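Residue numbers (my numbering), protein chains in the order written: chain A, 1 to 215; chain B, 1 to 10.
For reference, the structure is listed below as structure tokens.
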Amino acid sequence: MNIFRLAGDMTHLISVLVLLLKIYATKSCSGISLKTQELYAIVFVTRYLDLFTDFISLYNTVMKLVFIGSSLAIVWCMRYHRVVRRSYDRELDTFRYWILLGVSFILALVLHEKFTLQEVFWAFSIYLEAVAILPQLVLLQRSGNVDNLAGQYVFFLGAYRAFYILNWIYRYLTEQRFTRWISCVSGLVQTALYADFFYYYFISWKNNAKLQLPA
Amino acid sequence: AKVDSAKDEL
């Protein structure tokens, strides 16, 4: 464990807590893409298949349970909670995410470390996570004004993978045989997708103005 | 199963 990875995991945890706070405090999920939440639930379920077979550390197991549990709880809330579901921007959240699922799965069948069920699903989850934010970014652009908590949620979600890139650089420099090209390349793509959001987020923060994404 | 060090990440 290094400081970059710890910072990344904590930032990821904060993004989940911000989203849970928004949904429970405001009983609203306006500005949040259910499709992105469902993609993230798939990412965690397919990535943590080793949850019950390989024990790495208490921290690792607890965090996996937190991410799987929170993502499923958020999807459940946005679909079935009688108050929250009413504020879901159904007509704006129309990203055809089957394409993301299909492309990621085909890519995982072609590019993986070992051709085993666990490794193929792991690679699938890495590729899927890189593009899972797209429905959310599209929804933010369509909904124009971004409420603070939704903006902070996306900001922390983007920042966590940027910390992981620092972690991979650090591990590459300190551990002679560390190579994780799948994660690294996918993580770079993932963070790049946030680039324009970060830019507009910084502008709005600098001008102390509401976050406005260009349509 | 031996978890190679790279798989210890979340």
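A virtual CB, placed ideally from N, CA and C, is assigned to each residue, including glycine.
Since the structure is predicted, the reported quantities are computational estimates derived from the model, not experimental observations.
Residue-level contact check: Trp122(A) touches chain B, since one or more beta carbons of chain B fall below 9 Å from its beta carbon. The beta carbons of Ser70(A) and Leu20(A) sit closer together than 9 Å. With respect to chain B, the C-beta atom of Arg161(A) has no partner C-beta closer than 9 Å. Those residues of the region 1-12 of chain A placed with their C-beta closer than 7 Å to a C-beta in chain B are Arg5 and Asp9, ordered along the chain. By the criterion of at least three beta-carbon pairs nearer than 8 Å, the region 161-168 of chain A is in contact with the region 183-197 of chain A. Residue state for Asn208(A) is assigned as coil, using DSSP reduced to three classes.
A residue is called buried once 16 or more other Cβ atoms fall within 10 Å of its Cβ, and Phe124(A) is buried on that count. Here the C-alpha atom of Lys114(A) lies approximately 41 Å from the C-alpha atom of Glu91(A). Taking 8 Å as the cut-off between beta carbons, the residues of the region 51-67 of chain A near chain B are Thr53, Asp54, Ile56, Ser57, Asn60, Met63, Lys64 and Phe67, in sequence order. Met78(A) and Glu38(A) have their C-alpha atoms some 10 Å from each other.
For Asn167(A), the secondary structure class from DSSP, reduced to helix, strand or coil, is helix. Under the DSSP assignment, Tyr48(A) falls outside any alpha helix (DSSP H); it carries neither an H nor an E label. Residue environment for Gly102(A): exposed (fewer than 16 other C-beta atoms within 10 angstroms of its C-beta). Scanning its chain for C-beta atoms nearer than 7 Å, with the 5 sequence neighbours on each side dropped, one finds around Arg142(A) the residues Leu92, in chain order. Spatial neighbours of Cys29(A) in its own chain (CB-CB distance under 6 Å, excluding positions within 5 residues in sequence) are listed in chain order as Ile23, Met78, Val84, Ser87 and Tyr88.
If the five residues before and after Ile165(A) are omitted, its C-beta is found closer than 8 Å to the C-beta atoms of Cys184, Gly187, Leu188 and Thr191, all from its own chain and listed in chain order. Taking CB atoms only, Ser70(A) has no neighbour in chain B less than 9 Å away.
The Cβ atoms of Asn167(A) and Phe4(A) lie closer than 9 Å to each other. DSSP places Asn148(A) within a helical segment (H, G or I) once states are collapsed to three.
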